[in-house]
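Input: a single structure, listed below in structure tokens.
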Amino acid sequence: MTPTRYSTAVAVVVIALVAGLAAAGTSDLCGVAKTAFSDCTAYVAGGEPVVSRRCCRGLGDIRELAVTAAQRRAVCTCILAEMLAAGAGKINSGRAAGLPAACNVRVGFIPTSPKFNCFRVR
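Here the sequence shown is numbered in our numbering, starting from 606 and rising by one per residue.
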């Protein structure tokens, strides 16, 4: 194979991989975000007295996952669904809003109420 053909073949493979990752990205991102946030749901629903280290670690992971505004909105929507399912619709707004400070993790897209509008996340 000549260098030009080899370069073209590599470029085609890279483009296919990127396209595949982009197509699978949202659902994979949601699953990872739900798993990362799962250690926070009991606290946010009022079932745990303090924020766990695992929750804070998960919050940091979530921040790293969602780089673009579209990813932050998608993650917000997934986490909101997780909160509502795990807490039977009960979200302690104060606890949810205080998670970033309690964990010392700057995250501005964690839902703070059952009616939180994730589509406004930037």
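For glycine and all other residues, C-beta sits at the position ideal for the given N, C-alpha and C.
The model shown is predicted, which means the values in this text are computed figures rather than measured ones.
Residue i to residue j span [Cα, whole Å]
| i | j | result |
| --- | --- | --- |
| A650 | R727 | 25 Å |
| L704 | A671 | 17 Å |
| K695 | L634 | 24 Å |
| A675 | F714 | 11 Å |
| A706 | Y648 | 14 Å |
| S632 | P719 | 22 Å |
| T673 | V637 | 16 Å |
| R678 | P654 | 28 Å |
Candidates the options: closest to residue i by CA position
| i | options | result |
| --- | --- | --- |
| S698 | T717, G713, C708 and L689 | T717 |
| R659 | C708, V637, A675 and R678 | C708 |
| D666 | P719, R700, R678 and V712 | V712 |
| L689 | C645, V656 and S632 | C645 |
| G652 | C723, A691, A702 and V680 | A691 |
| F721 | A702, R668 and V710 | A702 |
| V710 | P654, C661 and R677 | C661 |
Residue i, buried or exposed, once every other Cβ within 10 Å from all chains shown has been counted against 16
| i | result |
| --- | --- |
| G663 | buried |
| V680 | buried |
| F724 | exposed |
| V656 | buried |
| L626 | Note that L626 scores a pLDDT of 36, beneath 50, so its modelled location is shaky and nothing firm can be said. |
Touching by the beta-carbon criterion (3+ pairs, under 8 Å), the segment 641 to 654 and the segment 678 to 694: yes
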